[in-house]
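Okay, so the sequence shown: first residue is 1 according to this note's numbering, each after it adds one.
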Amino acid sequence: MYYPEEVIQQVIDRNDIEDVVSSCVELKKSGSNLVGLCPFHNEKTPSFTVSPNKRMFYCFGCGVGGNVISFVMRYENMDFQEALKYLAERGGVTLPESRYSREDREKSEHRQLMLDANREAAVFYYKNLYSPKGIKGLKYLKEERRLSDETIKKFGLGFSEITDSSLVKHLKTKGFADKVLIDAGLALFDEKRGLRDRFWNRVMFPIMDMHRKVIGFGGRVMGDSKPKYLNTSESPIFDKSRNLFGLNYARGSRANNFIICEGYMDVISMHQAGFDQAVASLGTAFTNEHAAMLERITQKAKKKILLAYDSDGAGVNAALRAIDMLRDVGIMPRVINMKPYKDPDEFIKNLGPEEFQKRIDEAENGFMYILRQTEADFDMSDPEGKTSFEKNIAMLLCTLNEGAERDNYAETVSRKYNITMENLRKLMVFYSTGIFQTQKRPSREDLSNRPKVKDSGKNQKLLLGWISNDPELYPQISSIVKPEDFDEGVLRESAERLFSDIQNGTINIPAMIAAYEDPESQSEAASIFGVRMIMPETKEERSKAFTELVEKVKRNSYSRWAEASAGSAEDMIKAIEMKKALEKLKDLKLDVK
Ligand SMILES: [Zn+2]
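Following this line, the structure appears as structure tokens:
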């Protein structure tokens, strides 16, 4: 962490969570809370809750939650430090400059210089394209690719000429140091030839981040030399797994979807044809980070995701992988059928945008696409092959999270593949618990393994949540319940903080959440304190329910410890003590709110 806890606390204090959230989400009063439609998942009835008292938010639909910093991180797609700076400015908190080491400052200056050099290079390449040196490149873009001047300008396409150091010379006259050019991936250095351009004789595609800063380039060679496409390698400013080509434009598109394509040219020709919602991964495969990024953007804008991958074997495999990754973040994409053409560029050139729009409207649901591709792996004429396929279908169905969604697919599948619903249900019951709910496509080996059930720490969360609502309970059970009774990680750390906060007299939930910089841990911490309990009517029943909860947590803790124990004499004594603690519970006279 760059900043001390007091500073983070000050930023939280100066930014009222209700104000910050309500400027992005429409909130309505509901008891002591505020509720609204969740900006992080698609819903029709509000389950997104802001608690001004606890100074946190939590969504009962998708489980996302946290403090005011977490909200900004998710909503604005920022990391912890960025969100902190943003809120500090908003709340008029001056962040201590001295916390930045000299090293950090130098790094950030170097980054800026690399961005400046890239920008200057993009302008240089663009001017080249329209000069006599760029004739070949311009001819390729206009005649072969049929791009208009307007499109070329929009994407800032350019040309790197055949000499080997014209860009380097140009940037050096602008005062850029060798190291900046090398680190930005614009120049190469070797002893024999010195500093020279990395790209030459190529049509240049500047790659921009979401804030329209040029972070790298893709270059397509003129002629037959290899490689056909050359990209800037990973650099401090160019992280392929966190950026998508065209996203800076697609983000502002009015279309109700994003279309993921395989290459730069696909994106550009789609934008020219009016599909300004197209993006592509940057010369690499689609990654989990891309999926997570798209999830954040699309859920907020309530947009769908479509895949427009090549129709060949490699394209199908890439599409299957992308579907898996998107399903991991809760998105079911659709797949656009490009046949009889290879890619969107070819399709649009031959059949035009209207036909492509039709294909968008008719895009196949990703789940049915997987099934259709899976089908090809089995010999359906062989009864054994058909049975394996049916098992596979059942497992795939079990990976669907929502019950209603699952039922709909089950019916479709039953009709399409001629399997009785009864049979399908039986298979689904068999596969419906535990490990298969990871949303992943099961592998062949999974077929033979019976799923296991895992304790999710739900009781531990409930107990901590209950104590945070009624802190008077803690002194009454402090001799029985210890932080060690909670699973290692966020649960145990939150228990430690909560118990010591209660002893010190104030519970500070936002600070407990701010102990984590990653949004997943923040959500987990928030889920503890955002827990929604249905309380029994009478005091007596509440007391009983609480005691039972303590007992469940203790038993879980006990069995976890017993499993790990080596059975030594000391362990035996400890076991007896733990049993005694459980006994004590029976005599507990609780004073419950
Ligand atoms: Zn949600």
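For every residue, glycine included, the Cβ atom is placed at its ideal position computed from N, Cα and C.
Nearest to residue i (by Cα), restricted to the options the options
i       : options                            : result
Ile-237 : Arg-254, Gly-246, Asp-209          : Asp-209
Tyr-341 : Gly-330, Ala-308, Ala-318, Glu-362 : Ala-308
Val-168 : Gly-158, Glu-150, Ala-187          : Ala-187
Lys-153 : Gln-522, Ala-122, Pro-227, Leu-585 : Ala-122
Ser-225 : Val-490, Ala-250, Phe-199          : Phe-199
Met-270 : Lys-349, Ser-131, Pro-333          : Lys-349
Asn-53  : Phe-546, Phe-529, Val-592          : Phe-529
Glu-6   : Leu-588, Ala-515, Leu-115          : Ala-515
Asp-485 : Pro-471, Lys-584, Ser-557          : Ser-557
Arg-560 : Lys-539, Asp-379, Gly-457, Ser-521 : Gly-457
Phe-189 : Tyr-249, Ser-165, Val-50, Leu-294  : Ser-165
Ser-388 : Glu-375, Cys-398, Leu-400          : Glu-375
Lys-303 : Asn-317, Gln-373, Ala-250, Ala-562 : Ala-250
Ala-363 : Met-338, Met-380, Asp-379, Asp-382 : Met-338
Check: residue i C-beta below 7 Å from any heavy atom of ligand 1
i       : result
Phe-40  : yes
Phe-48  : yes
Gly-465 : no
Leu-64  : Per the sequence presented here, residue 64 reads as Val, with Leu not at that position. Yes, since a heavy atom of ligand 1 falls inside the 7 Å radius drawn around the Cβ of Val-64.
Gly-61  : yes
Cα-Cα separation, residue i to residue j
i       : j       : result
Glu-445 : Phe-258 : Confidence is the limiting factor: at Glu-445 the pLDDT is only 41, short of 50, which leaves the residue's position unreliable, though a coordinate-based value still follows. Cα-Cα distance, rounded: 34 Å.
Ile-509 : Arg-202 : 55 Å
Gly-158 : Val-180 : 21 Å
Met-73  : Met-222 : 43 Å
Glu-411 : Asn-423 : 12 Å
Pro-39  : Met-535 : 28 Å
Ala-511 : Leu-473 : 21 Å
Ala-255 : Glu-262 : 19 Å
Glu-144 : Asp-345 : 12 Å
Pro-451 : Leu-427 : Low confidence applies to Pro-451: its pLDDT is 33, below 50, so where it sits in the model is not reliable, and the reading given next is rough at best. For Pro-451 and Leu-427, the distance between alpha carbons rounds to 13 Å.
Gln-9   : Leu-95  : 12 Å
Ser-43  : Gln-299 : Looking at the sequence itself, residue 43 is Glu, so the reference to Ser does not match. Glu-43 and Gln-299: Cα-Cα distance of roughly 10 Å.
Glu-120 : Arg-193 : 24 Å
Gln-439 : Glu-191 : Caution applies to Gln-439, whose pLDDT of 37 falls short of 50 and renders its modelled position unreliable; the value that the coordinates give is listed next. Gln-439 and Glu-191: Cα-Cα distance of roughly 52 Å.
Val-329 : Ile-297 : 12 Å
Asn-459 : Leu-549 : 7 Å
Thr-151 : Asn-392 : 46 Å
Arg-196 : Tyr-140 : 25 Å
Cys-24  : Lys-228 : 45 Å
Met-114 : Arg-105 : 14 Å
Glu-517 : Ser-523 : 11 Å
Ser-131 : Phe-155 : 18 Å
Pro-519 : Gln-272 : 37 Å
Lys-544 : Lys-584 : 14 Å
Ser-478 : Glu-563 : 24 Å
Ala-581 : Ile-480 : 6 Å
Lys-127 : Gly-137 : 12 Å
Where residue i sits in the DSSP three-state scheme
i       : result
Leu-113 : helix
Cys-398 : helix
Arg-198 : coil
Tyr-229 : strand
Arg-251 : coil
Ala-376 : coil
Met-222 : coil
Asp-407 : helix
Val-279 : strand
Leu-34  : strand
Thr-45  : coil
Leu-188 : strand
Asn-257 : strand
Lys-179 : helix
Ser-432 : Caution applies to Ser-432, whose pLDDT of 48 falls short of 50 and renders its modelled position unreliable; the model cannot decide the point.
Val-453 : Reliability of the predicted coordinates at Val-453 is poor, the pLDDT of 32 falling under 50, and no value is obtained from them.
Phe-124 : helix
Leu-307 : strand
Pro-353 : helix
Phe-159 : strand
Lys-29  : strand
Met-332 : coil
Measuring CB atoms only, is the stretch 232-250 touching the stretch 206-220, in the sense that at least three cross pairs come out at less than 8 Å? yes
With a threshold of 8 Å, are at least 3 pairs of Cβ atoms found where one atom belongs to the stretch 357-372 and the other to the stretch 287-295?
no
- Taking contact to mean at least 3 C-beta pairs separated by less than 8 Å, is the stretch 461-468 in contact with the stretch 536-553? Contact between the stretch 461-468 and the stretch 536-553 is present: 3 or more CB-CB pairs across the two stretches fall below 8 Å.
Determine contact between the stretch 349-359 and the stretch 311-327, defined as no fewer than three beta-carbon pairs at a distance below 8 Å.
These segments do not touch.
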